[in-house]
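Novice: Residue numbers (my numbering), protein chains in the order written: chain A, 1379 to 1492; chain B, 1379 to 1492.
All C-beta atoms in this analysis are idealised placements derived from N, C-alpha and C, irrespective of residue type, glycine included.
This is the structure I have questions about; it appears just below.
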DNA sequence: TAATTGTGATACCATTTGGTGTTATATTGA
DNA sequence: TCAATATAACACCAAATGGTATCACAATTA
């Protein structure tokens, strides 16, 4: 039963929502406070916050009549881990580069995927 | 001039496209070969490949009448780096957890890939 | 109590997205 | 040359997306 990455990646696939995450990394904010930072109606911001909540990237707590939105950084991990799979390939290239530099004249074969 | 993350995150925000990336991490494939792996027409797969190409996550090379699609792992880095900003917060929590427990006995490893 | 404020919910619109099917073009191979 | 193949390009459709405007309701405050 693997974790469903889709809601996470979906939530991350919008620049406004990524900006909101950065904002919330500094402060917990109400909907109105978030909306204040964007050239957009509260309704539009609320929609983004809902999608972020569905991706569990934020948690929302009722505080009187306000809703405080809080970053949930842990939810970013699965996406991060997924991407880190490809780190291998960066390393492979770096290793190849290192090897090429270090050997510099005796090594000639680099059987990479071509 | 900061790199535009949008085409990258957009390309990553679809499960089919993420699967294609995994596929291409093992082999360079033509459109038909990629399409063979999915319950979807070639046309639909081609659209996904175009979006992946727009995000520079793959490179396409003409080889006779075929188009060979190749993974470009470097293009994943910017997204990876963006997410790594939040690593700070995981570390903060982990440090707090470590401090709270103090008698560690580690358990981990559940590599969830989509 | 009444007025104000923060939010949820809904209806609505334009655009994008994911998908299909068809047709056209270029390359390969007999 | 001709047939088969791999793809591009296009029209088309249903659904999702990003946005607005508006109304209703609960909590605060005068």
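Mind checking which residues open and close the beta strand (DSSP E) that includes residue 1436 of chain B?
Specialist: Residue 1436 of chain B -> beta strand (DSSP E) spans 1436 to 1441.
Novice: Helix, strand or coil for residue 1331 of chain A, going by three-state DSSP, please let me know.
Specialist: Shown here, chain A extends from 1379 to 1492; a query on residue 1331 of chain A therefore has no answer.
Novice: Are the CB atoms of residue 1465 of chain B and residue 1458 of chain A nearer to each other than 9 Å?
Specialist: Yes.
Novice: Identify the residues that DSSP records as bridge partners of residue 1449 of chain A: which are they?
Specialist: Paired residue(s): A/1436.
Novice: Residues in its own chain within less than 8 Å of residue 1426 of chain A by CB, not counting five upstream and five downstream?
Specialist: Cβ within range, chain order: 1392, 1394, 1395 and 1398.
Novice: Measuring only the C-alpha atoms, how far is residue 1491 of chain B from residue 1382 of chain A?
Specialist: With a pLDDT of 43 at residue 1491 of chain B, under the threshold of 50, the modelled position of this residue cannot be trusted; read the value that follows with caution. Answer to the nearest angstrom: the Cα atoms are 9 Å apart.
Novice: Using the Cα positions of residue 1387 of chain B and residue 1387 of chain A, report the straight-line distance between them to the nearest angstrom.
Specialist: About 8 Å.
Novice: Quick one: residues in its chain with C-beta nearer than 8 Å to the C-beta of residue 1389 of chain A, no 5 flanking neighbours on either side, listed in chain order?
Specialist: Here the set comprises 1395, 1429, 1430, 1432, 1433 and 1435.
Novice: Does the Cβ of residue 1453 of chain A have 16 or more other Cβ atoms within 10 Å, making it buried, or fewer, making it exposed?
Specialist: Classification of residue 1453 of chain A: buried, given that the 10 Å Cβ count is 16 or more.
Novice: Which residues in chain B have a C-beta closer than 7 Å to the C-beta of residue 1384 of chain A? List them in chain order.
Specialist: Under the 7 Å cutoff, chain B gives 1393.
Novice: Only counting the same chain, and skipping five residues up and downstream in sequence, which positions put a Cβ closer than 7 Å to that of residue 1448 of chain B?
Specialist: Counting only Cβ-Cβ distances below 7 Å, and skipping sequence neighbours, we find 1402, 1406, 1436, 1437 and 1439.
Novice: Going straight from the alpha carbon of residue 1400 of chain B to that of residue 1415 of chain A, what length do you get?
Specialist: If you take the alpha carbons of residue 1400 of chain B and residue 1415 of chain A, they lie about 38 Å apart.
Novice: Grouping DSSP H, G and I as helix and E and B as strand, with all else coil, what is residue 1407 of chain B?
Specialist: Strand.
Novice: Counting only beta-carbon separations shorter than 9 Å, does residue 1332 of chain A have a partner in chain B?
Specialist: Nothing can be reported for residue 1332 of chain A, as the shown portion of chain A is limited to 1379 through 1492.
Novice: Using a Cβ-Cβ cut-off of 7 Å (strictly less than) and excluding sequence neighbours within five positions of residue 1410 of chain A, which residues of its own chain qualify?
Specialist: Hits under 7 Å: 1420.
Novice: Within 9 Å (strictly less), CB to CB, does residue 1440 of chain B reach chain A?
Specialist: Taking Cβ atoms only, chain A never reaches closer than 9 Å to residue 1440 of chain B, which makes this a no.
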